[in-house]
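S.K.:
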Amino acid sequence: MNLIIFSGPPSSGKTSVILKTIASFQAEGKKVGVVKFDCLFTDDDILYEKAGIPVKKGLSGGLCPDHFFASNIEDVVNWGNREGLDLLITESAGLCNRCSPYLEEITGVCVIDNLSGINTPKKIGPLLKSADIVVITKGDIVSQAEREVFAARVSAVNPRAMVIHVNGLSGQGAHELGTLLCSKEQNIESVQGMKLRFSMPSAMCSYCLGERRIGEKFQLGNSRKMDWKENEE
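Each number in the working numbering comes from the position in the sequence shown (counting from 1) with 3 added on.
1) Here's the rule I'm using: 16 or more other beta-carbon atoms within 10 Å means buried, otherwise exposed. How should Asn161 be labelled?
2) Exposed or buried, what is Val13 when buried is set at 16 or more other beta-carbons lying within 10 Å of its beta-carbon?
3) Could you check what DSSP says for Ile191 in three-state terms: helix, strand or coil?
4) Would you grab the beta carbon distance between Ile49 and Glu94 for me? Rounded to a whole angstrom, and I think it's under 8 Å.
5) Are the beta-carbon atoms of Ile217 and Val80 separated by less than 8 Å?
6) Beta-carbon separation of Leu183 and Met207 under 8 Å?
7) When DSSP labels each residue in this structure, what does Ser10 get in the three-state scheme?
8) Starting from the N-terminal side, write out each stretch of the beta strand (DSSP E) that is 3 residues or longer and does not extend beyond the region 32 to 108.
9) Who are Asn122's beta bridge partners in DSSP?
10) Beta strand (DSSP E) containing Ile21: first to last residue?
11) By Cβ distance, which residues of its chain are closer than 6 Å to Asn234, with the 5 residues on each side in sequence left out?
12) Terminal residues of the continuous beta strand (DSSP E) containing Cys113?
13) Leu106 and Lys198 look like a contact to me (Cβ under 8 Å); what is the Cβ gap, rounded to whole Å?
14) Would you mind stating whether Phe201 and Ser158 have Cβ atoms separated by less than 8 Å?
15) Of the choices Glu151, Arg163, Gly65, whose alpha-carbon is the least far from that of Ile136?
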């Protein structure tokens, strides 16, 4: 079974891209399943079910979605193998600038959209910087010049990644993306011992553990203060 990890900012078009890409796999007779990771709510699993795609979803609640992903990915792989999938796709939304669910030995795809702002590629950190493939969506809404500038900004942040444009509505570019994803044949039976490409936040603070009170005496563990002298210069 092949395993592909999709991630990207919320509302960047991940689900639409995945659905269009899976359609090209289904045309070739391959069985593809999806596990959707999110924080508080998602109904994307309904879209996958309507398309006849085996799907499971996991909501992290108050836990960081990346920690939730790392805690559950082995069980996810086990499910995919029990289902007899040829390809398993995980989908996760990057909710902060430190999100990075990619594994070193597994293809990682970042989906980012042209409407998110020209400086967005510089803002989303390892989610983009450590991806193997970057999919840019919503190119039909902006001009050719804007598409080219945005793509150049993406390549400047991650020069080693393959950049591809996909239209989540028409499916244009989805077949090419599917071809890229199939170029690396794998037989993933387990991800035990594999490493994340980028470390998660290095320590826990009191707010991570449920503290709600404001004040230095309640700020335990990992914390950082702004440098006000630097800001005044």
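Idealized CB from N, CA, C, for every residue including glycine.
Computed from a prediction, not measured in an experiment: that's the story for all the values here.
M.R.: By the coordinates alone:
1) buried
2) Note on residue identity: the sequence assigns Pro, not Val, to residue 13. Burial call: exposed.
3) coil
4) About 14 Å separates the Cβ atoms of Ile49 and Glu94, ruling out a contact at the 8 Å cut-off.
5) no
6) no
7) Three-state DSSP puts Ser10 in a strand.
8) For the region 32 to 108, the continuous beta strand (DSSP E) assignments of 3+ residues that do not extend past its boundaries occur at 35 to 41, 58 to 62, 90 to 96, in sequence order.
9) Answer by DSSP bridge pairing: none, since Asn122 is not bridged.
10) Careful: Ile21 lies outside any beta strand (DSSP E), inside the alpha helix (DSSP H) at 17 to 30.
11) Here Asn234 scores only 49 on pLDDT, less than 50, and its place in the model should not be relied on; the value that follows carries that caveat. So the list is empty, once near-sequence residues are dropped.
12) 110 to 116
13) Confirmed, about 7 Å.
14) no
15) Scanning Glu151, Arg163, Gly65 for the CA closest to the CA of Ile136 turns up Arg163.
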